[in-house]
Amino acid sequence: YIDTLMAICWFAWRCGCLGRDRLRPFVAKAAAGAIVGTLLSAPLLFPFLDLVDQAYLGLHEGGHYGSVHLRSEGLPQLLLPYVYGPIFGFADQKLTLTSVWGQLGGYLSTSLVLLALLGLLSRGRRGLRLALLVWLVLALARMYGLPLLGDVLGVLPGMSDVLFYRYAFASVELSVIILAALAVDDVIRAPLPRRRLALGALAAVALVTAAAIGARPLADQLGPVFGDRPYYEAAVAWGALVVLAVVAAAL
């Protein structure tokens, strides 16, 4: 369901790229694919719908999961996944980090984010870039419970019963990977303009810096054992070095 929403954004972009003579056949092919896909999945889909209608779903009922989001302390781990050390390696007194590790669904490496930023700055496929950017903003806002923006997807049917952050990360990763692929394609075709590289690098460094600042308060609560080991410093330094290495390779 969530991945289908991203596919709809892609479909809308493709429709906007086509002239009238090609739009009708494209829509017909897409409709045929949707119908065939539904028929192929019917042996599983209809029993599932029947189960949902009759079974006890626990917390999935009553809209509980619609109000559950990732903790803000986990946001730095999008770029610096091990900024708090190994998985469940440390804990603070309030067990905030334990909760963060329990919810974490994935991460985006600094190299991937830098390439995605460069892809956003590319000249071609403007509609695709905007569609992917809109999906990323709305999906991440929903995952982390940002006011207003996070409620846009929440008004869709069934979304109040879905643990969105658990199932949406695949579409977030795919969107970032596609944007990064656009940048790689540009690099293969011709050297990137230095101004574009500089803007992408500055944006990536700013994100790494923001992640480091955001992770500091919780990192300070992890006790002296964590402080004696350079997990935080190594994660931040690695993120910055990766950005510089990618920029140098693209020159």
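When you line the sequence shown up against the numbering used here, it's residues 33 to 283, in that order.
Backbone N, C-alpha and C fix where the C-beta goes; we use that ideal spot for every residue, glycine too.
| Check | Outcome |
| --- | --- |
| Run through DSSP, which three-state label would ILE119 get? | coil |
| For a test of the three-state rule: what should DSSP assign to GLN86, helix, strand or coil? | helix |
| Would you call the segment 247 to 256 in contact with the segment 173 to 180, where contact means no fewer than 3 C-beta pairs closer than 8 Å? | no |
| Going by alpha carbons, who is nearest to ALA200 out of ALA63, LEU83, LEU102? | LEU102 |
| If VAL290 and LEU229 are in contact, beta carbons under 8 Å, what's the gap, nearest whole angstrom? | Here the chain comprises residues numbered 33 to 283, so residue 290 is not present and cannot be evaluated. |
| Measuring only the C-alpha atoms, how far is ALA87 from LEU234? | 52 Å |
| If I'm right that ALA238 touches VAL204 with Cβ under 8 Å, what's the distance once you round it to whole angstroms? | Incorrect: roughly 20 Å between the Cβ atoms, too far for contact. |
| Since I believe ALA215 is in contact with LEU160 (beta carbons under 8 Å), could you give me their beta-carbon distance rounded to a whole number of angstroms? | LEU160 to ALA215, Cβ: 13 Å. No contact. |
| Evaluate the contact criterion for the segment 38 to 47 versus the segment 152 to 167: three or more CB pairs, one atom per stretch, below 8 Å. | yes |
| How many Å lie between ALA277 and TRP270 at the Cα? | 10 Å |
| Taking buried to mean at least 16 other C-beta atoms within 10 Å of its own C-beta, is ALA44 buried or exposed? | exposed |
| Give a yes or no on whether the C-beta atoms belonging to VAL275 and THR142 are separated by under 8 Å. | yes |
| Hey, quick one: how far does the alpha helix (DSSP H) through GLU105 stretch, first residue to last? | That residue, GLU105, is in no alpha helix (DSSP H); it is neither H nor E in DSSP. |
| Under a Cβ-count criterion, where at least 16 other Cβ atoms within 10 Å of its own Cβ denotes burial, should VAL240 be classed as buried or exposed? | buried |
| Which residues in the same chain have their Cβ closer than 8 Å to the Cβ of LEU144, if we skip the five residues on either side of it in sequence? | VAL208, ILE209, ALA212 |
| Could you work out which residue in LEU55, PRO118, ASP53 is closest to TYR263 when comparing CA atoms only? | PRO118 |
| To the nearest angstrom, how far is the alpha carbon of ILE220 from that of PRO189? | 43 Å |
| Taking the C-alpha atoms as reference points, what is the distance between PHE122 and LEU129? | 8 Å |
| Nearest CA to the CA of ARG158: which residue from ASP82, ILE67, LEU55, CYS49? | CYS49 |
| Measure the alpha-carbon distance for GLU105 versus ALA173 and round it to whole angstroms. | 15 Å |
| To test your reading of the DSSP string, which unbroken alpha helix (DSSP H) runs of 4 or more residues are found completely within the segment 179 to 265? | 181 to 184, 196 to 199, 201 to 221, 226 to 251, 255 to 259 |
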